[in-house]
Structure formats: structure tokens, C-alpha cells
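**Student:** The end of the sequence shown is residue 115 by my numbering, with every number in the run present. Even glycine gets a Cβ: it sits at the ideal position worked out from N, Cα and C. As the structure is a computational prediction, the values presented were derived from the model and not from experiment.
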Amino acid sequence: MKKMNDINSESSNSQDNQSNKKQEKSDPNYIFLRFINQKNEVTHFKVRRTAKIENAFRTYCKHHQLQFGTARFFLFGDHIPKHLTPDELQLSLKDGVEIEVYSEVNGGNYGPIAS
Numbered sequence: 001m002k003k004m005n006d007i008n009s010e011s012s013n014s015q016d017n018q019s020n021k022k023q024e025k026s027d028p029n030y031i032f033l034r035f036i037n038q039k040n041e042v043t044h045f046k047v048r049r050t051a052k053i054e055n056a057f058r059t060y061c062k063h064h065q066l067q068f069g070t071a072r073f074f075l076f077g078d079h080i081p082k083h084l085t086p087d088e089l090q091l092s093l094k095d096g097v098e099i100e101v102y103s104e105v106n107g108g109n110y111g112p113i114a115s
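#1: Is the stretch 72-83 touching the stretch 48-60 in the sense that three or more CB pairs, one from each, lie closer than 8 angstroms?
#2: Buried or exposed: where does V47 fall if 16 or more other Cβ atoms within 10 Å of its Cβ makes it buried?
#3: For V101, which residues does DSSP report across the bridge?
#4: In chain order, what residues of the same chain lie with their CB nearer than 7 angstroms to the CB of Q38, ignoring the 5 residues before and after it?
#5: Distance, Cα to Cα, I36 vs D27?
#6: Straight-line CA distance for Y30 to V42?
#7: Tell me H83's beta-bridge partners as DSSP assigns them.
#8: Around the Cβ of I53, are there at least 16 other Cβ atoms within 10 angstroms (buried) or fewer (exposed)?
#9: List the endpoints of the continuous alpha helix (DSSP H) containing A56.
#10: I need the DSSP call for D78, collapsed to helix, strand or coil.
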């Protein structure tokens, strides 16, 4: 179960949150992540380094009114396993790592199109 202390979401439009973010950057127990969707909308999260990244994924989906499991999360072009922590993903090197979010696409062509 996720804890409210593990993940904090911030709007990219709030100047107050940005000033708080600068003050909190020195906390070694947390990392700041940027989630960017297909519309280039950015959502910032403060995530505990030892918490499963799945908690951030669930919070992102809830924040954007998506059903968990319908979004896919990628880091440097690779799918991110939800059971890992930011430390296990080796995200501890820097804050502001960008995680790309894509909507799941179902369907496709199941046969020839009749003319």
C-alpha cells in the first residue's frame, strides 16, 4: 500500500512548489522524477528512493484519471518494471530524470480489407 510520504505530485505551473522543490533537493532519501506524456504535459513527482516505482505509476494514473495498467512507462526507451525502486533502476545519479508515458493501444488490422 502506498504511503502519502512516499510520493508527492506537483503541478509544473506552480511557482511555490518549485521553490519548495529547490529546498528539498538536498534530501538524499528522495528523487525528483519528470513524467512526460504524449501531449508533452509534464508532471513532477517526489519519490522515495526505496519505494517501488509502481507507487509513482499508480499516483500518475490517478492524477491523470487513467486506469492503472492502461499506461506504459519508459526510461531511455526501455519499459520500466513496476516492481523495482528508483535506486534499483540506478536513478540515484540525478534528479529530474524523464519518464515517458504512453497510452496503451489496442486493436489493429486482423485481416485483409475488402474492396
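**Tutor:** In brief:
#1: yes
#2: buried
#3: F73
#4: Y102 and S103
#5: 24 angstroms
#6: 19 angstroms
#7: Answer by DSSP bridge pairing: none, since H83 is not bridged.
#8: buried
#9: I53 to H63
#10: strand
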